[in-house]
Ligand SMILES: [Zn+2]
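Numbering (the working numbering), first residue to last: 106 to 225.
Next up, the structure:
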């Protein structure tokens, strides 16, 4: 008596990369774009990265596929702006910390100097 498995109620989270995800060669910066394919290796346009032949290599520098990083679908340049903002925030924080460090360092140096004076 095998009851049919109930359909999953929660939508499956897609761990597989999207078909139009681009992949960047971490060795030379070449970007494989599925919509363009790869003329050098006779890959027709529209071939997703994951469907490239296993022996496919970077047409520019020749590293294997596992040296490529998924950089997402085209048209997501907005990430740069966000990164810039975050970077700015971190820089501000860092300069504040630097100031604190300098003051703290001066105090410590002063204390060490005074202790040397005290010894002599
Ligand atoms: Zn490369």
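Using N, Cα and C, we set each Cβ at its ideal position, and we do this for glycine too. In this text the structure is predicted, and so the values were computed from the model without any measurement.
Where does the unbroken beta strand (DSSP E) through residue 128 begin, and where does it stop?
127-130
So the candidates are 223, 217, 212, 124; which of them puts its Cα closest to the Cα of residue 156?
Its Cα nearest to that of residue 156, the residue 124 stands out among 223, 217, 212, 124.
Suppose the cutoff is 7 Å on Cβ atoms and the five residues either side in sequence are ignored; what does the same chain contact list for residue 174 look like?
128, 129, 131
Quick check: what's the CA-CA separation for residue 178 versus residue 200?
35 Å
Would you identify the three-state DSSP class for residue 150, choosing helix, strand or coil?
coil
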